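Below is one structure, written out as structure tokens; the observations come after it.
In our numbering, the protein residues as written are 10 to 92.
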């Protein structure tokens, strides 16, 4: 939760310079949380939530590109801070 809150604050600051989608940051933030947890847990309990988060993030990014709200370069800049 703290990571996503920090990403929202970063998005507010970045929106003064570049248009950033908070939805995409939150989607990629959830992936950034789930991937290390998935590696830490020995059982595959988090496999499906991680796969669903990746799918949702992909749909969000594809929607932003389809609506011409962002360019592919801007979309990658939204995913980059998470990793």
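Quick reminder that beta carbons are idealized off the backbone N, C-alpha and C, glycines included. Given the structure is predicted, the values throughout are model-derived calculations rather than measurements.
For the candidate residues the options, whose alpha-carbon lies nearest to that of residue i?
i	options	result
residue 88	75, 76 and 63	63
residue 39	82, 20, 10 and 29	10
residue 105	53, 37, 60 and 72	For the chain, the structure presents residues 10 to 92; residue 105 sits outside this window and is missing.
residue 17	35, 25, 28 and 26	35
How is residue i classed by DSSP in three states: helix, strand or coil?
i	result
residue 28	coil
residue 50	coil
Using a Cβ-Cβ cutoff of less than 7 Å, which residues in the same chain neighbour residue i once the five nearest sequence positions on both sides are dropped?
i	result
residue 32	69
Can you find the residues in the same chain that come closer than 8 Å, C-beta to C-beta, to residue i, ignoring five residues on each side of it along the sequence?
i	result
residue 55	43, 46 and 47
residue 58	43
residue 81	74
Return the chain-ordered ranges of every alpha helix (DSSP H) run that is complete within the region 58 to 82 and spans a minimum of 4 residues.
Counting only runs of at least 4 residues, the region 58 to 82 fully encloses no alpha helix (DSSP H) element at all.
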